[in-house]
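Shown next, in structure tokens, is the structure this report addresses.
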Amino acid sequence: MPILAFLKRNTQDGLTGRSAGLRKNYLWRMRRMKSFIVEKKYILFPISMDAPCKMVTVCSEGEKIFEFDIPVENGNSPYRFQYYAPLNVEKWKGQEMTIEVEDALDFLEAVGFSDDRVNTVQHKPQIHFSPESGWINDPNGLIYANDRYHLFFQYNPFQNQWGNLCWGHAVSRDLLHWEQLDTAMFPDENGSMFSGCGIINERGLLELPDSALLFFYTMAGGKTKWSERKKFTQNLAYSLDEGNTLKKVNPPVIEHIADENRDPKVYWHEKSQAYYMVLFLEGNQFGIFRSENLQSWVCTQTLELDKAWECPDLREIPVEGGGSKWVFWSADGFYFLGEFDGFQFMTDGIRREAYQTTVPYAAQTFFGTEDVITIPWLRTQNNGKYYRGVMGLPRKLTLVQLGGELRLRMMPVESFLNARKLVHVDNTCELKYTPEDFRATQIQLLGAGGISYAAEVNDNEIQFDAETGILTINGEQAFMGRNVHEMSILIDAEICEVTTENGLYYGIFELKPSCNIQEWRICSKEMLSIKVMEIS
-6 MPILAFLKRN TQDGLTGRSA GLRKNYLWRM RRMKSFIVEK KYILFPISMD APCKMVTVCS
54 EGEKIFEFDI PVENGNSPYR FQYYAPLNVE KWKGQEMTIE VEDALDFLEA VGFSDDRVNT
114 VQHKPQIHFS PESGWINDPN GLIYANDRYH LFFQYNPFQN QWGNLCWGHA VSRDLLHWEQ
174 LDTAMFPDEN GSMFSGCGII NERGLLELPD SALLFFYTMA GGKTKWSERK KFTQNLAYSL
234 DEGNTLKKVN PPVIEHIADE NRDPKVYWHE KSQAYYMVLF LEGNQFGIFR SENLQSWVCT
294 QTLELDKAWE CPDLREIPVE GGGSKWVFWS ADGFYFLGEF DGFQFMTDGI RREAYQTTVP
354 YAAQTFFGTE DVITIPWLRT QNNGKYYRGV MGLPRKLTLV QLGGELRLRM MPVESFLNAR
414 KLVHVDNTCE LKYTPEDFRA TQIQLLGAGG ISYAAEVNDN EIQFDAETGI LTINGEQAFM
474 GRNVHEMSIL IDAEICEVTT ENGLYYGIFE LKPSCNIQEW RICSKEMLSI KVMEIS
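Going by the working numbering, the first residue of the sequence shown is number -6, and it counts up by one from there.
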């Protein structure tokens, strides 16, 4: 007799004991478990953004393979949700899989299956990467290999809040237009996937081909129930298929040292013929490690840097006009100049600041590019969107000698400059301009006597006072240099990137969201040379 008919007959008879217990157990399982044979490439989890989270466990053949905190609505039928979050389960095709969650029958019934990723249609930035849905933070594993730029990133696919940290993955041919791929690495019993870096295995180490992509990352033990009592360690993963899939390697390459030590960044040091790693330890302390085989790492220096913490980077950056200087970088855009011999970084200890606003954070530079190219995470709110967080426009780093000291210049990459189309140029005190569509737009202002102006873009108010050097956007202020003669304003959906003096000052703002095409109005008491460029 079918189980449902059996249960119905016994409950109608009012029987107790074994049959009633069987029914109770069956209903209990129905409310917390969904079993199926994997036939499709993706499980589609329904995401109800404002609901409280419940722990969702995915098992294959009885073995736990995923565990996530997912927002789950209670007592709604039909189940209400905003979007689907896809989870690739292709490697388990043909196997029995179960999804378990406490008291969530409607959620389980709303789980879907598909052979295609689900793309949510929203008004999004065109040339700033943003995810299809979910939360992002730090860029990770930036590599240029086989004519593709790889952007991995801290990612929560299941809500637009921090948590469930995975490594998301996107690729681009030009650093402007990105395609999001399947999530590359997920939390496991050892911890969440915190930040890290990527390099090409150019010297054929680790018994892997020289074309392999290698990724060093922090396994954040103790950040999930699955990994409780584990600690933060530095680990290795590799890819043999041009970054499409990543395989974790155990054991860690660096065991736990201090607190939540994290964010390894690895490069090759040519003069001393070894790899070096910079690592955040705790407080304002960092470690420098050295290895010749990428497996055995020796700490050669610990250093403390003024107000700097997490997401370190250490690169030799060219000086315009000739020469170079080593720069140690931290998450807030604080940077320190010095010399590095492959063992120790010697610095004057003076903290310099690359950002004029607090929106950009946790920038990382690419491996495999001729120029030193950086991408920051933008700490945006993205109100009304299914995603939260955007990546900044990739920029080329150089140093320039000014007033007897070196200053960092951050200019857009060459592909951005080549993608611009001049659509309007004028010498005027007033400009009104409306683009034909939602294309990203850059306006460059030049003024011989310094630039002061007031502008409005949709409902966003922009003012700049040349005498004080204060730029104000919707009440938020940033110092962009006094009496500057050049300013560039790039607007891409709600992202506004502003530079002055050709990238010596750099600030990012989040504008009010709008579904309307941006209308620009600019007024100045002085004559300005204005160029309007659209980016395709």
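Heads up, the beta-carbon is just placed ideally off N, CA and C, and yes, glycines get one too.
- The Cβ-Cβ distance between Ile510 and Ile436 does not fall below 8 Å.
- Rounded to whole angstroms, the Cβ separation of Ile368 and Pro132 is 5 Å, and the two are in contact under 8 Å.
- For the beta strand (DSSP E) assignment, the uninterrupted runs of no fewer than 3 residues enclosed by the segment 431 to 474 are, from N- to C-terminal side, 433 to 439, 446 to 450, 453 to 458, 463 to 466 and 469 to 472.
- The segment 310 to 321 makes no contact with the segment 437 to 448: fewer than 3 CB pairs, one atom from each, lie closer than 8 Å.
- Taken atom to atom, the span from the alpha-carbon of Phe329 to that of Asp306 is near 11 Å.
- By the beta-carbon neighbour count (other beta carbons within 10 angstroms, threshold 16), Phe29 is exposed.
- Under a 10 Å Cβ-count criterion, Lys300 is classified as exposed, with fewer than 16 other Cβ atoms of the shown protein chains found around its own Cβ.
- Ile250 and Pro202 have their C-alpha atoms roughly 31 Å apart.
- Your pair Glu494 and Gly474 checks out as a contact, with CB atoms roughly 6 Å apart and the cut at 8 Å.
- Under DSSP, no beta-bridge partner is assigned to His249.
- For Glu32, no pairing in a beta bridge is given by DSSP.
- Short of 8 Å from the beta carbon of Asn451, and not among the five residues preceding or following it, lie these beta carbons of its own chain, in chain order: Leu504, Lys505, Ser507, Asn509, Gln511 and Glu512.
- Rounded to whole angstroms, the gap between the alpha carbons of Gln456 and Ile192 is 43 Å.
- Taking the Cα of Pro257 as reference, the smallest distance to any Cα among Ser232, Asp234, Leu287 and Glu263 is reached at Leu287.
- For Leu98, the uninterrupted alpha helix (DSSP H) segment begins and ends at Leu98 to Ala103.
- Between the C-alpha atoms of Val393 and Leu401 there is a straight-line separation of about 6 Å.
- Counting only the Cα atoms, Phe279 lies some 25 Å from Gly156.
- Under the three-state reduction of DSSP output, Ser408 falls in the helix class.
- As summarised for the segment 144 to 181, the continuous beta strand (DSSP E) elements at least 3 residues long and confined to that stretch are 159 to 165 and 171 to 173, given in chain order.
- In the structure shown, Lys84 adopts helical secondary structure according to DSSP, grouped into three states.
- Its chain contains Gln470 and Phe472 as the residues whose beta carbon lies nearer than 7 Å to that of Ile463, once the 5 sequence neighbours on both sides are disregarded; these appear in chain order.
- For Arg25, the three-state secondary structure derived from DSSP is helix.
- For the options Glu172, Arg141, Phe321 and Ser188, the alpha carbon positioned closest to that of Gln119 is the one of Glu172.
- Cβ atoms of Glu83 and Thr50 stay farther apart than 8 Å, at about 19 Å.
- When C-alpha distances from Gln357 are compared across Glu303, Tyr380, Thr351 and Ile343, the shortest belongs to Glu303.
- The alpha-carbon separation between Gln88 and Ile36 amounts to approximately 14 Å.
- Nearest neighbour of Ala103 by Cα position, chosen from Gln115, Ser41, Phe333 and Asn81, turns out to be Ser41.
- Pairing Met403 with Tyr137, the inter-Cα distance amounts to about 19 Å.
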